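Participant:
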Amino acid sequence: MKLLLSLALLGVSLYLAEGLTLVCYFSSWATYRPGNGKFTVEDNDPSLCTHLVYAFAGLGSNNKIRVLDPYNDLCEDYGKCGFDRFTNLTRRNPKLKTTLGIGGWNEGSTKYSNMAASAASRKIFVDSVLVLLKEHNFHGLDMDWEYPTQRGGSPEDYVNYISLMKELYEALHAEGMILTAAVSAGKATIDPAYNIPELSKYIDILHLMTYDLHGSWEPYAHHHSILYAHPEDTGDTLWLNQDFAVNYWIEKGAPKEKLVMGVPLYGRTFRIKDETNTGIYAPATQPGAAGPYTREPGYLGYNEICEYQMTEDWTVVHDPAMNEPYAYYIPNNYLWVGYEDPDSVAIKAQYTLDKGLAGCMVWSVETDDFHGKCHGMKFPLLTTMMEVLSGGVYTKPSTLPPTTWDPFRTSPDPAAHCKQAGPNPDPNDCTHYWFCNMGEQGWEEYERKCDAGTLFSPTNLICDWKDNVCKAGFCPNDCP
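Each residue of the sequence shown is one higher than the last, beginning at 1 in UniProt numbering.
1. Answer yes or no: do residue 221 and residue 270 have a C-beta to C-beta separation smaller than 9 Å?
2. Between residue 396 and the rest of its own chain, which residues show a CB-CB distance below 8 Å, the 5 nearest in sequence each way excluded?
3. Taking residue 168 as the reference, give the member of 188, 209 and 125 with the closest Cα.
4. With respect to the beta strand (DSSP E) encompassing residue 163, which residues constitute its N-terminal and C-terminal limits?
5. The beta strand (DSSP E) with residue 24 in it runs from where to where?
6. Mapping the DSSP letters down to three states, classify residue 401 as helix, strand or coil.
7. What residue does the alpha helix (DSSP H) around residue 192 start on, and which one ends it?
8. Compute the Euclidean distance between the alpha carbons of residue 43 and residue 50, then round it to the nearest angstrom.
9. Within 10 Å of its beta-carbon, does residue 423 have 16 or more other beta-carbons around it, so buried, or fewer, so exposed?
10. Can you tell me whether residue 354 is buried or exposed, with buried defined as 16 or more other CB within 10 angstroms of its CB?
11. Buried or exposed, going by whether 16 or more other CB atoms sit within 10 Å of the CB of residue 46?
12. Suppose only complete runs of 4+ residues qualify. What are the alpha helix (DSSP H) ranges in the stretch 195 to 261, listed by chain order?
13. Looking at residue 261 and residue 294, is the spacing between their C-beta atoms short of 9 Å?
14. So, helix, strand or coil for residue 424, using DSSP?
15. If you follow the alpha helix (DSSP H) that residue 306 is in, where does it begin and where does it stop?
16. Is the stretch 350 to 366 touching the stretch 21 to 29 in the sense that three or more CB pairs, one from each, lie closer than 8 Å?
17. What are the start and end residues of the beta strand (DSSP E) that includes residue 474?
18. If I measure Cβ to Cβ from residue 455 and keep anything under 6 Å in the same chain, skipping five residues before and after, which residues do I get?
19. I think residue 178 touches residue 99, with their Cβ atoms under 8 Å apart; what is that distance to the nearest whole Å?
20. Helix or strand or just coil, what does DSSP make of residue 143?
21. Please go through the same chain and pick out, in chain order, the residues whose beta-carbon is closer than 6 Å to the beta-carbon of residue 202, but skip the five residues on each side of it.
Okay, here's the thing in structure tokens:
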């Protein structure tokens, strides 16, 4: 595929223009995932985000913020000190803002509704937030109440939510901290939940959750983060796309400069019924099977998707009416997945620039290809977005994306270099590597150069700092 990857190799610094934002959520429970899915605090790359959000804290019955996983989050009782390790990531990027998210889907709405219902309980909550954030050196709070007035909330939440956010905003700003909020992209939720002009007064960034717009709760396959309505969409489904959500929030009073559009680093899966009907709106019976890392039916991380596609004969579809791919693999229980790839996330980053938004938000970093198994680089989706927001110009291909990068060079005997699909080392020269695909006539190889100061690591299969590669005893011809 032809991508903006010229700056993507490790060791190249990218800087967003003043005022642009790339918010990255970190699912702290990913530390418990098996094998190559395990992702710890230190696996975050703080150079790729302007804001990192630790997900999640919760709300206790006493109306105070509550630590949901004390062993993972705190240091007490031989804990893993997740909060402190997370905020210490600013040592690697002093410009980074680290915030603590509270809420999320699993927390529900009822207890947040109860807490926001009185000034006394709101004060207890706000005071407890300040204590916890200061104790662990967070830069602020991300409020992820899903959703006011919904899921066990009350109609009074429409007013009480604004009171809560105003009091949080004033208290946090008095301490030099920030307040952000994750908000719905669905019109049916937006209308009863948010007084958008008032909310916009008491917020630093609005995280628009423009994903999960479709999923296995529906009887057909559809892309969950489609940028524009599909030609076959009708009725209320015409509202279920990112462009509609962005425009609706703006029309309702959200300032563009406070709005970031969410981009998922995962796909939603379905089990379709018929191998002859595999497109958008293909009838589907149930969620696709859980992946080996995320282990959730109906959901696959991009790392799981791209690894599947490297070892299995998936059909990848680039519908000309869409900016996003979907793929299916009939032998795996008729599995169908709509997801993002480097091309689609580049288009969406460019969209936010063209709309004059504050930037992008991703859910979530640990489902990107953070080991670099599929593209010869770590975090290909996140890096591509950062590159576009840093000033790279993206032009969507007029035809289906080719399967190689430019520039490239082949050798007379690709089989001499290609031992597996993906990146392959050159044992005699670590300043470059070979990216290999199995074509109809056998191996096809494409040469990629490492940037100055880096060498290709034969074990990690990425261009790493030269010192790191040399210390490991690799590349004798390139190490002093």
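No residue lacks a Cβ here, since even glycine has one placed at the ideal position from N, Cα and C.
Every value quoted in this text rests on a predicted model; they were computed, and no experiment measured them.
Facilitator: If we stick to the structure as given:
1. Contact flag set, yes.
2. For residue 396, the pLDDT reaches just 43, beneath the cut-off of 50, and the residue's location in the model is therefore unreliable, leaving the point undetermined.
3. The residue with the shortest Cα to Cα distance from residue 168 is 125.
4. Premise fails: residue 163 lies in the alpha helix (DSSP H), 157 to 174, not in any beta strand (DSSP E).
5. DSSP places residue 24 inside the beta strand (DSSP E), whose first and last residues are 21 to 27.
6. Residue placement at residue 401 cannot be trusted, given a pLDDT of 32 that sits under 50; what the coordinates show is reported in the next sentence. For residue 401, the secondary structure class from DSSP, reduced to helix, strand or coil, is coil.
7. For residue 192, the uninterrupted alpha helix (DSSP H) segment begins and ends at 187 to 193.
8. When rounded, the separation of the alpha-carbon atoms in residue 43 and residue 50 is 16 Å.
9. Flag for residue 423 reads buried.
10. Residue 354 should be labelled exposed.
11. It counts as buried.
12. 196 to 201 and 242 to 251, all fully within the stretch 195 to 261.
13. With contacts defined as CB atoms closer than 9 Å, residue 294 and residue 261 fail to qualify as a contacting pair.
14. Residue 424: strand per DSSP, three-state reduction.
15. Per DSSP, the unbroken alpha helix (DSSP H) holding residue 306 starts and ends at 302 to 311.
16. The stretch 21 to 29 makes contact with the stretch 350 to 366: 3 or more CB pairs, one atom from each, lie closer than 8 Å.
17. It is not in any beta strand (DSSP E) - residue 474 carries neither H nor E in the DSSP assignment.
18. Excluding sequence neighbours, residue 455 sits near 430, 466, 469, 475 and 478.
19. Confirmed, Cβ separation roughly 7 Å.
20. Correct three-state label for residue 143: strand.
21. Exclusion of the five residues before and after residue 202 leaves 165, 166 and 169 as the residues of its chain whose Cβ lies within less than 6 Å of its Cβ.
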